[in-house]
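The sequence shown begins at 25 in the numbering used here and counts up one residue at a time. The beta carbon of each residue, even a glycine, is placed where N, CA and C say it ideally should be.
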Amino acid sequence: MKIGVSMYSYAQPARAGLLDIPGFIREAKQAGAEGVELLEYFYKDLEADRKAALNALEETGLPCPIFSVSNNFAKTDPDERRKQLQRIVFGVDEAMLYGAKVVRVFAGDVAEGITYDQARSWIVEGLSDASKYAAESGVKLALENHGTLAGRGDQVRGIIDEVRAMSGTDVLGANPDTGNFLLVNQPSHEAIRQVASLANMVHFKDFRQAPADHKGWAYTALDGKKYLGTAIGEGEVELRQCIQELKSAGFDGWLSVEYEGAEDPFTAIPRSVDNSRKYL
Numbered sequence: 025m026k027i028g029v030s031m032y033s034y035a036q037p038a039r040a041g042l043l044d045i046p047g048f049i050r051e052a053k054q055a056g057a058e059g060v061e062l063l064e065y066f067y068k069d070l071e072a073d074r075k076a077a078l079n080a081l082e083e084t085g086l087p088c089p090i091f092s093v094s095n096n097f098a099k100t101d102p103d104e105r106r107k108q109l110q111r112i113v114f115g116v117d118e119a120m121l122y123g124a125k126v127v128r129v130f131a132g133d134v135a136e137g138i139t140y141d142q143a144r145s146w147i148v149e150g151l152s153d154a155s156k157y158a159a160e161s162g163v164k165l166a167l168e169n170h171g172t173l174a175g176r177g178d179q180v181r182g183i184i185d186e187v188r189a190m191s192g193t194d195v196l197g198a199n200p201d202t203g204n205f206l207l208v209n210q211p212s213h214e215a216i217r218q219v220a221s222l223a224n225m226v227h228f229k230d231f232r233q234a235p236a237d238h239k240g241w242a243y244t245a246l247d248g249k250k251y252l253g254t255a256i257g258e259g260e261v262e263l264r265q266c267i268q269e270l271k272s273a274g275f276d277g278w279l280s281v282e283y284e285g286a287e288d289p290f291t292a293i294p295r296s297v298d299n300s301r302k303y304l
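Quick look at the structure:
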């Protein structure tokens with residue numbers, strides 16, 4: 025396995041205008057990452073950002089093995105669902121530009137006026153069409169456990185199995201996010217056991233339960249518990265067991281550190297990369 029860093033780990037300074045894409049790539053290099061995960065989310069000027077990113081990758085010698093998009097197929101309007109498909113098509117094209125072999129994708133989530141079965145059928149249809157396009161480019165898709173429709177390990181596996189059958193490809197795999205499983209009240213290592221054989225990448229993340237008197241923002245799990253992001257190895261996720269489940273399934277891809285804590289990422293990420301290496 026290799027250790028990368030997702031630019032989403034630096035979302036706060038990026039949103040504040042303190043860090044751009046090439047700056048992130050250089051920072052990831054300093055932090056000890058072996059590769060980077062880029063996201064459509066951080067593009068501002070498409071052509072300029074692409075050029076700057078490619079220059080920074082060449083300068084640092086880091087690869088970009090993963091490009092991530094944030095799609096949502098749980099939309100009642102067919103035109104909206106087609107737009108979501110185009111986001112993945114865009115992601116596949118960007119992956120080809122950077123030499124990435126994996127595109128992280130989402131499923132979607134139940135919204136008001138949409139039933140679980142309706143949303144799931146649209147997700148399977150959309151990801152099937154996306155898989156056919158990705159297959160033509162030799163790019164894999166990785167479905168993240170995110171939200172409630174694809175939050176648990178069994179839900180992720182069920183969608184992947186159905187999409188593979190519908191699309192006739194094995195392009196779609198999993199992106200098990202080691203933190204997000206806690207938000208649907210499933211122990212991360214148990215969930216990863218369900219999807220490890222399908223993993224095309226991993227978001228390596230750590231959470232801890234917020235103290236009872238916590239007043240700020242926090243992630244809320246289905247049972248009402250509040251969680252805060254931490255540097256890798258400083259939370260409650262059974263990361264050692266997660267790694268063991270991945271190894272047992274033969275996974276040898278990228279662990280992309282995704283940090284979502286309140287601490288400054290410029291200090292938390294180098295520590296997270298070091299701690300991730302210890303788990304390996």
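Residue 99 to residue 60 span [Cα, whole Å]: Taking the straight line from one Cα to the other gives about 31 Å.
Residue 146 (DSSP reduced to helix, strand or coil): helix
Whole-angstrom distance between residue 97 and residue 262, CA atom to CA atom: Roughly 31 Å between the two C-alpha positions.
With 16 other Cβ atoms within 10 Å as the buried cut-off, status of residue 288: exposed
When 202, 36, 186 and 203 are compared against residue 195, the one with the closest alpha-carbon: 186
Simplified DSSP state of residue 134, which is helix, strand or coil: In the structure shown, residue 134 sits in coil (DSSP, three-state: anything other than H, G, I, E or B).
Proximal residues to residue 296 (C-beta, below 7 Å), its chain only, five neighbours per side dropped: Within the same chain, Cβ atoms closer than 7 Å to the Cβ of residue 296 are found at 255, 256, 281 and 283, the five residues on either side in sequence being excluded.
Buried/exposed call for residue 264, threshold 16 Cβ in 10 Å: exposed
Inside the stretch 64-136 only - beta strand (DSSP E) runs reaching at least 3 residues: The stretch 64-136 contains these whole beta strand (DSSP E) runs: 90-92 and 126-129.
Neighbour-count burial assignment, residue 209, 16 or more Cβ in a 10 Å radius: exposed
First through last residue of the alpha helix (DSSP H) which encompasses residue 47: 45-55
Whole-angstrom distance between residue 85 and residue 92, CA atom to CA atom: 20 Å
Beta-carbon proximity check, residue 28 vs residue 102, cutoff 8 Å: no
Pairwise C-alpha distance: residue 131 and residue 147: 6 Å
Closest by C-alpha distance to residue 182, when choosing among 193, 197 and 157: 197
Alpha-carbon spacing of residue 116 relative to residue 236, whole angstroms: 43 Å
Range covered by the beta strand (DSSP E) that runs through residue 165: 164-168
Cα-Cα separation between residue 205 and residue 219, rounded to whole angstroms: If you take the alpha carbons of residue 205 and residue 219, they lie about 12 Å apart.
Three-state secondary structure assigned by DSSP to residue 213: helix
Per-residue DSSP class, three states only, for residue 27: strand
Beta bridge counterpart(s) of residue 188 as assigned by DSSP: Residue 188 is not bridged to any residue.
Through-space distance from residue 244 to residue 207, alpha-carbon basis: 7 Å
Selected residue, minimal CA-CA separation from residue 278, among 78, 127 and 292: 127
Within-8 Å CB hit, residue 89 to chain D: No chain D is present in this structure, which holds just one protein chain.
Residue 43 and residue 74 closer than 8 Å at C-beta: In this structure, residue 43 lies away from residue 74, with their beta-carbon atoms at least 8 Å apart.
Endpoints, beta strand (DSSP E) assigned at residue 281: 278-281
Residue 137 to residue 52 span [Cα, whole Å]: 42 Å
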